[in-house]
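The opening position of the sequence shown corresponds to residue 1 in UniProt numbering, with each subsequent residue numbered one higher.
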Amino acid sequence: MKKILVLHTGGTISMQADDNGQVIPNSYNPMNQVGIGLDQIEIESIDFLNLPSPQITVDHMLLLAQKIRETAGLYDGVVITHGTDTLEETAYFLDTMTLPHIPIILTGAMRSSNELGSDGIYNYLTALRVAGHEKAAEKGVLVVMNDEIHAAKYVTKTHTSNLATFQTPTHGPLGIIMKRDILFFQTAEPRRRFRLESIKGTVPIIKAYAGMGDWLFSSLNKTTIDGLIIEAFGAGNLPPEAAKSIAKLIQEGIPVALVSRCFNGIAEPIYAYEGGGVNLYEAGVMFVKEVNAPKARLKLLIALNAGLKGQELKEYIEG
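What follows is the structure, given as structure tokens:
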């Protein structure tokens, strides 16, 4: 018998639509009334938070990590129900933390519990199945939605309303959920993990656009930010004036990391024209591989709180 800890944090999966079709939070969590009907799985359920996921912060993510650590040895796996808007960020944050070597699964819903075609109960039950699977612990933190298993590092929400919103660009899912079996066909690579007791700092995200100048950067300095994420064009390029402003920030000691604003692919320094990736890399911009801007922000924030500096910071961010 596998004992699974369920931590409910709110989101659409725990909400209901009113008579006008507006989806609202309530004190009643329908997932607590679900009869799981799964052999060999016993659950203990805690209403840990009750927040729409746009209200989730890194402090809430840290509380989740601490709760999971506190229960080490008591459970065979953890399932976290979560709103979908920031689910991928919470999953990635947890994936960078030092946690017990057990399956840790996040799931949610795109339709509330009383909407036609609600997906919450099904996603919840499949998440429990994955949490009880002997191979799931080897994969890092996972996101289970719509019969697919995704790595926290790579998964992203791709659609505002489609049930198949969670996808893994470039790599594809780690596995799929079948009627009677769970099939894993990829592995998650080893990665560095941290144990943080607190987290602080400001790391904003700025997205590049055609004609972008330097005015966005004029208020940024060491007193206002601790780091910066740039979502650049293509393989990693920026307008010249923006590139000059970023070079100045780096000279002031502010770490700047770059991802592509493209949905697929990986940023790398290729172009040597003014504002091109080669110039940015030579100025000290760190190119982040394989994660999107919100996750790159968390990666830099976690690294700074862990005390990483200089070459060690660069190797971690670019690794």
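In this text, a Cβ means the ideal position worked out from N, Cα and C, and glycines have one as well.
- DSSP, read as helix, strand or coil, puts E42 in strand.
- By alpha-carbon distance to E138, the top candidate from K289, I102 and E318 is I102.
- The beta-carbon separation of A152 and V143, rounded to 6 Å, stays under the 8 Å limit for a contact.
- Annotation: the continuous alpha helix (DSSP H) that includes S245 extends over P240 to Q251.
- With contacts defined by Cβ atoms closer than 9 Å, R69 and R195 form a contacting pair.
- For the set D147, L7 and I302, the Cα lying nearest the Cα of I43 is the one of L7.
- Scanning I250, Y209, V23 and A127 for the CA closest to the CA of L106 turns up A127.
- Judged by DSSP secondary structure, K200 falls outside any alpha helix (DSSP H); it is assigned neither H nor E.
- Listed in chain order, the non-local C-beta contacts of G117 below 7 Å within the same chain comprise R111, local neighbours out to five positions each way being set aside.
- When secondary structure is reduced to three states using DSSP, S53 falls in the helix class.
- The DSSP-derived three-state label of M1 is coil.
- Non-local beta-carbon contacts of L300 in its own chain, meaning distances under 7 Å to residues more than five positions away in sequence, involve V203, G227, I229, P255, A257 and I317 in chain order.
- The alpha-carbon of D18 is positioned some 55 Å away from that of Y273.
- When C-alpha distances from S27 are compared across N221, L51 and I36, the shortest belongs to L51.
- The C-alpha of N221 is placed about 32 Å away from the C-alpha of K157.
- Exclusion of the five residues before and after N237 leaves Y271, G275, G276 and G277 as the residues of its chain whose Cβ lies within less than 7 Å of its Cβ.
- Out of M97, H60, Y124 and L74, the CA that lies nearest to the CA of V141 is found in M97.
- Sorting G108, V285, K289 and G284 by C-alpha distance to the C-alpha of N264 places K289 at the top.
- In the three-state reduction of the DSSP assignment, I317 falls in the helix class.
- When DSSP reads this structure, N237 sits in a beta bridge with F233.
- Within the model, the alpha-carbon separation for M61 versus M31 is close to 21 Å.
- Contact between I205 and E231 holds, since their C-beta atoms are separated by about 6 Å, short of 8 Å.
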